[in-house]
Amino acid sequence: MPGAMRQSTSNLELLTIYEVSKILGSSLDLQQTLREVLRALAYQLQMHRGRVYLVGEDNVLRLVAANGLSNEAAAQ
Numbered sequence: 009m010p011g012a013m014r015q016s017t018s019n020l021e022l023l024t025i026y027e028v029s030k031i032l033g034s035s036l037d038l039q040q041t042l043r044e045v046l047r048a049l050a051y052q053l054q055m056h057r058g059r060v061y062l063v064g065e066d067n068v069l070r071l072v073a074a075n076g077l078s079n080e081a082a083a084q
């Protein structure tokens with residue numbers, strides 16, 4: 009059974025990578041794309057919360073996408 013579980017996990021990971029790659033190639037809107045990636049990770053891998061920060065030109069981290077967080081939690 010452990011071998012079957014590993015195979016299932018590997019298949020799920022490959023499916024998730026495929027879904028994320030499709031999302032990344034579907035739009036030039038970075039914030040929308042990153043939100044969709046977080047949603048895909050939540051759906052495929054049960055990753056219920058996530059944030060993506062990018063460094064701005066002023067070297068300050070900026071939240072550009074979040075999933076599964078309240079507005080207050082996302083702002084922290």
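For the sequence shown, position 48 (counting from the first letter as 1) is numbered 56 according to our numbering, and the numbering increases by one without interruption. Beta carbons: idealized from backbone N, C-alpha and C, even for Gly. As the structure is a prediction and not an experimental result, all values here were calculated from the model.
What's the C-alpha gap between residue i and residue j?
i: alanine 48; j: serine 29; result: 11 Å
i: serine 18; j: arginine 70; result: 33 Å
i: serine 45; j: arginine 14; result: Looking at the sequence itself, residue 45 is valine, so the reference to serine does not match. Approximately 24 Å between the Cα atoms of the pair.
i: serine 53; j: isoleucine 25; result: In the sequence as presented, serine is not what sits at residue 53; that position holds leucine. C-alpha separation (whole angstroms): 11 Å.
When the Cα of residue i is compared with those of the options, which residue comes out closest?
i: serine 78; options: Tyr26, Leu38, His56; result: His56
i: alanine 50; options: Ser34, Gly76, Thr41; result: Gly76
i: leucine 38; options: Ser16, Val68, Tyr61, Leu53; result: Tyr61
What does residue i pair with, by DSSP beta-bridge criteria?
i: alanine 73; result: Val60
Would you identify the three-state DSSP class for residue i, choosing helix, strand or coil?
i: leucine 22; result: helix
i: threonine 17; result: helix
i: serine 29; result: helix
i: glutamate 65; result: coil
Go to residue i, then tell me how far its alpha helix (DSSP H) extends in each direction, as first and last residue.
i: leucine 53; result: 38 to 53
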